[in-house]
Structure formats: structure tokens, C-alpha cells
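Since the structure comes first, as C-alpha cells, the remarks are kept for the end.
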Amino acid sequence: MIKNTTLCTAIMYSFLSYGDNIGDSKSESAPVTLSKIQDEFAHLIENFLPSVVNIEVTWEELAQESSGDNDFLQDFLEGFLFRDKESSGQRRGFRGAPRAPQKQKMASQGSGFIIGSKASKDGKQKIIHVVTNRHVIAGALKRNSSSAYRPGAKVKVRLQSGVSYEAEILGSDLMCDIAVLAFKSEDSHPILSWGDSSMVKQGHFALAAGNPFGLGGTVTVGRISYKNREFGADTGDTTEGPDLFLQSDAAMNRGNSGGPLLNIQGKVIGVNTAIFSPTGTYAGISFSVPSVRAKIVVDQIIESGFVHRGVIGVFLHPRGVSGTEHMTKGMRGVLIKEVSPGSSADKKGVRAGDIILSVNGTLVKHWIQVRSIIGFVKPGQSVKLTLLRGKNKIDIDVPVESFSSDTLQRSNQFMGVAFGLSSGKLKVQHIEEDSLWKNGLIVEDEILRLGDQEIKDPKLFIDQLNQLQEKGVKRVIITLKRKEKEISIILPLNHGGEYESS
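Residues in the sequence shown are numbered from 1 upward in steps of one, following the UniProt record's numbering.
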């Protein structure tokens with residue numbers, strides 16, 4: 001464990017000593033005290049830095065030779081304009097010379113930190129646990145998986161000493177953007193301990209350690225500039241795992257993701273996750289997953305490989321509802337746009353159209369807050385919702401149900417959408433807030449056809465979608481029934497297929 005230092009005392013003493021000697025040019029106490037402070041910082045960094053690691057990920061992807069995301073339109077136009085096979089094939093390989101998917105080597109890197117260890121089953125080695133961000137190791141994961149590897153993917157952990165170990169992904173959590181790795185070693189390795197992010201205040205010192213731009217062993221110092229930042233809340237957009245973040249001005253850049261944010265006792269108060277920047281490099285605003293949430297996620301992954309998260313069966317509108325009818329000046333809340341039939345919220349009488357004003361006494365103004373509070377309530381317990389229904393405020397206690405991070409993975413799920421049979425019909429059962437398909441599908445849509453093929457079995461449907469995705473197909477046409485109307489929509493199979501170029 002990292003030992004506490006006297007850094008707080010030294011800093012406080014420096015201000016007092018320096019104030020006592022203002023105007024005394026002969027006094028040497030100020031520079032002497034400042035020297036002690038920097039020595040304390042150096043000692044602190046020497047203690048925790050050996051626990052900070054670099055993460056290196058490699059994998060292979062199937063990629064088609066193409067000139068951009070506009071291939072479908074170009075295929076059509078060239079097939080129309082260049083009608084003879086020879087000229088069309090010579091220009092871009094169409095018709096007579098179809099393009100074949102090719103393997104492309106990919107790599108990414110990030111940071112992490114050692115948080116614990118345990119003895120292996122044979123007792124000869126230790127299993128070392130490393131915390132990082134999910135997005136750092138996402139390239140190594142099979143699509144829609146929290147821990148299964150792509151064929152040929154590798155994850156390596158490199159220590160400050162330069163020694164590397166091949167690591168296993170124990171599990172990951174999309175909502176908090178947290179992953180836990182494990183590697184085996186005969187040696188002992190220093191570990192970091194969790195601090196309490198709920199005790200952090202604006203203005204407190206914060207140190208970020210990691211591997212920016214591949215420059216391992218980098219440590220920067222800043223201060224906490226905001227607590228419980230709803231990153232992306234103003235537009236309703238989501239990050240990899242939207243949540244409430246610690247915001248600091250400790251310098252972070254590409255490669256810092258997954259590293260620790262530490263207090264001046266050398267304890268982890270956050271997991272560095274993102275920056276806010278118009279250029280893609282540090283611009284004074286950095287975000288970290290608070291330790292009070294990260295620790296819960298990490299502990300569950302180490303114990304079981306996935307995360308149990310509390311849910312009550314409501315779907316929330318991403319926009320705020322201040323200024324709407326019956327909302328008095330200054331009142332904030334979150335609109336419930338849908339309640340799952342048979343859920344605990346449904347059984348307790350919660351309705352679509354209700355506005356959540358508070359959860360367990362905490363006022364809320366955005367769906368991320370609601371999900372975050374409920375998500376970390378232990379399943380089996382209840383949450384108290386204060387709702388605005390019309391002009392009336394009502395309080396309802398709703399039991400919290402369990403939803404694990406691998407529930408969708410183990411069910412018939414694709415692109416963050418769960419499909420299942422209802423009365424013999426293939427229907428959409430659940431849509432994650434960060435799904436690329438959330439704007440195209442709604443819960444209870446009945447899936448009729450994939451392309452021109454009729455679909456009735458959810459497993460077969462998912463298998464066919466996965467096959468198309470692996471072949472490099474960017475979009476699919478799905479025909480569905482919605483409110484007794486049959487409609488066809490185009491859905492992306494990856495981020496590159498999300499929008500057409502104009």
C-alpha cells in the first residue's frame with residue numbers, strides 16, 4: 001500500500017511561513033519550505049508511480065479496400081454509368097473483380113494501474129489485477145462482448161520497469177467505461193488503494209499519471225475544478241459510458257485513458273477517461289470516473305466477471321423538462337418516456353409522462369443522474385421517487401431489480417439492442433442509450449425481414465447480422481411492423497455506416 005505523506009502539512013506550513021515573512025528579503029524560510037514541498041511531491045510520485053502501467057492492445061479487423069463511407073452510392077453510380085463489366089472493373093474493381101475483405105492489423109494504447117492481487121490456484125504465481133478504461137481494450141473484444149477476445153487479439157501490460165506481461169480481460173462495463181485485466185507473475189507488485197471521491201472538494205489537488213502519446217511514467221498536477229459533471233448532458237449525447245465525472249485541470253492527453261487520478265495521499269479518487277477539447281489535445285478540462293463508482297464496478301468484475309446494476313424499468317428522455325407545463329420557475333426534472341410492462345416501476349404505478357424530481361431525496365435534472373443513482377442501489381432495496389404528475393407531487397417507493405452488464409450479451413443482443421420472441425413474434429425488447437440503433441428502432445417493434453429474407457428466430461437474426469458485420473457490410477435494410485404499419489429502415493453496422501457523406 002502507498003503510505004500517506006505529510007504533503008498536506010507541508011503545503012499548509014508553506015503558506016503560513018511565507019505569509020509571516022513577506023517583505024523580509026533576508027529570510028530563507030520561504031524557499032526552504034517550497035523546496036520541502038517539491039520534495040514531498042517527488043516522494044509521493046516515487047511511491048505510487050510503480051503501480052501505474054501502460055496498456056498495449058493489438059487485434060485484426062476485416063477491412064474492404066474503399067475510398068470512403070460513400071461506397072454504396074458510388075457502386076450504384078458506377079454500375080449505372082459504366083455499364084460494361086470491363087471498364088467498371090478496371091476503374092474500381094466492381095462487377096468482374098469484386099473486392100475481397102482483407103485483414104488489417106490494428107493497435108491502441110492507454111494506461112492502467114494495479115489495484116490488487118491474489119494467489120493463483122497452484123499457489124506458484126500471483127494474479128495481479130489492473131484497472132483501465134473499457135475503450136482502451138475495446139479493440140480486443142468481440143463485438144457485443146464484455147470479456148471475450150477477438151481471434152488473434154492480444155492485451156499486454158507494461159510496467160514502469162519495462163517488463164511486459166500478456167494479460168487477460170476479466171470483464172468490462174460500458175456504462176462506467178471500466179475494465180479489469182489480470183496477469184500472472186511470480187513477483188509481487190506494488191498496488192494502489194482507493195480513496196473516497198465523495199470527500200473531494202473543488203480546489204483540492206489532483207495528480208494524473210499515465211502514458212500520454214506513449215510517453216510512459218508521465219505525472220501531471222492540477223486541481224479538482226468540478227464534481228459530478230454530467231458529460232454530454234447539454235445535448236443529450238452519450239459518451240462510451242455516460243456517467244457523473246470528476247472534472248480536473250490535471251493535464252491529460254491521448255494515452256492517459258485508464259490511468260489513476262490521485263489525491264495528495266496517493267490514493268485513487270478517479271479513473272481518467274476523457275478530455276474536453278476542440279483540438280483533441282489537452283485544453284484544461286479532463287474527466288475521471290469517480291472512485292466511489294469505479295470501485296463498485298471493479299470489485300464486481302473481479303468477483304464475478306460482470307456488473308450487477310440496479311434498474312426499475314423506466315426509459316428516460318435525454319432532454320431536460322424545465323419550463324414545461326406545471327414546472328414552476330427553477331424546478332428541474334427528468335421525463336419518463338416509457339415504462340417497461342411488468343417491471344417494478346410498472347407494478348408500483350409509475351407512468352410514462354411522469355416527471356422525476358428527485359431520487360432518494362437528491363434533486364435530479366438529467367437522465368444520467370437518475371440512472372447513476374439507481375444503478376448503484378443494491379438490487380432488492382428500494383428507491384424513493386418524487387414525481388410530478390400533472391400538477392401533483394407524489395412519492396413512490398420502487399424496488400430495485402438487477403440488471404447485469406452481460407445480460408444483453410447472453411441474450412439475443414446486437415448493437416445494444418435486445419431482441420426476443422413475444423407471442424411468436426420477433427420484437428425489440430430493450431435499447432441501450434448509447435446504441436447506434438436507438439434513433440431507428442423503438443421497443444415493441446416487430447422485426448419482419450432482414451433484406452428480403454423473413455426472420456422469426458432471434459438467434460438466427462443475430463447470427464446473420466454478425467456475419468454481415470464481419471464481412472465488412474456497413475448497412476442493412478430491416479423491414480418491421482410498427483403500430484400496424486409495415487416500414488423499411490436502413491441501420492448501420494458500424495460507426496462508419498452511421499451517416500452518409502453529403
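All residues carry an ideal CB built from backbone N, CA and C; glycine is no exception.
Check	Outcome
Between the beta-carbon of residue 48 and the beta-carbon of residue 192, is there less than 9 Å?	yes
Would you be able to state if there are at least three C-beta pairs under 8 Å between the region 359–369 and the region 153–171?	no
Could you tell me the distance, in whole angstroms, from the CA atom of residue 444 to the CA atom of residue 482?	8 Å
Taking all protein chains shown into account, do 16 or more other C-beta atoms lie within 10 angstroms of the C-beta of residue 266, making it buried, or fewer, making it exposed?	buried
Using only the alpha-carbon positions, how far apart do residue 125 and residue 207 sit?	32 Å
Count the other C-beta atoms from every protein chain shown that fall within 10 angstroms of the C-beta of residue 458, then say buried if there are 16 or more, exposed otherwise.	buried
Would you report the Cα separation of residue 236 and residue 430, rounded to the nearest angstrom?	Summary for residue 236: the model assigns pLDDT 35, below 50, so the residue's position carries little reliability, and this model does not support an answer.
Helix, strand or coil for residue 281, going by three-state DSSP, please let me know.	coil
Just the Cα atoms here: how many angstroms apart are residue 492 and residue 360?	39 Å
Quick one: grab the DSSP three-state call for residue 69.	Unreliable placement is indicated for residue 69, whose pLDDT of 44 sits below 50; no coordinate value is reported for it.
Among 472, 248, 306 and 310, which residue has its Cα nearest to the Cα of residue 282?	248
If I follow the unbroken alpha helix (DSSP H) through residue 190, where does it start and stop?	Unbroken run through residue 190: none, as it is neither H nor E.
Taking DSSP as the reference, what is the three-state secondary structure of residue 135?	helix
Answer yes or no: do residue 468 and residue 447 have a C-beta to C-beta separation smaller than 9 Å?	no
Using the Cα positions of residue 335 and residue 416, report the straight-line distance between them to the nearest angstrom.	22 Å
How long is the line joining the alpha carbons of residue 230 and residue 272, rounded to whole angstroms?	15 Å
Could you please give the first and the last residue of the uninterrupted beta strand (DSSP E) stretch that includes residue 467?	No beta strand (DSSP E) holds residue 467; the alpha helix (DSSP H) holding it covers 458–470.
Please tell me whether residue 189 and residue 117 are closer than 9 Å, where the distance is taken between their beta carbons.	yes
Would you call the CB atoms of residue 392 and residue 290 closer than 9 Å?	no
Please tell me whether residue 202 and residue 225 are closer than 9 Å, where the distance is taken between their beta carbons.	yes
Taking the Cβ atom as the reference point for each residue, do residue 179 and residue 253 lie within a distance shorter than 9 Å?	no
Going along the chain, which unbroken runs of the alpha helix (DSSP H) with 4 or more residues stay wholly within the region 146–223?	none
In the DSSP assignment, find the unbroken beta strand (DSSP E) run with residue 389 in it and report its ends.	382–389
Determine the closest residue to residue 472 out of 38, 60 and 54, with distance taken between C-alpha atoms.	60
With the cut-off set at 9 Å, would you say residue 345 and residue 312 are in Cβ contact?	yes
Comparing C-alpha positions only, which one of 378, 53, 103 and 129 sits nearest to residue 109?	53
Return the Cβ separation of residue 389 and residue 354 in integer angstroms, given the expectation that the two are a contact with Cβ distance under 8 Å.	5 Å
What residues are listed by DSSP as bridge partners for residue 360?	Looking at the DSSP assignment, residue 360 forms no beta bridge with any residue, so it has no partner.
According to the neighbour-count rule (16 or more other Cβ atoms, all chains shown, within 10 Å of its Cβ), is residue 107 buried or exposed?	exposed
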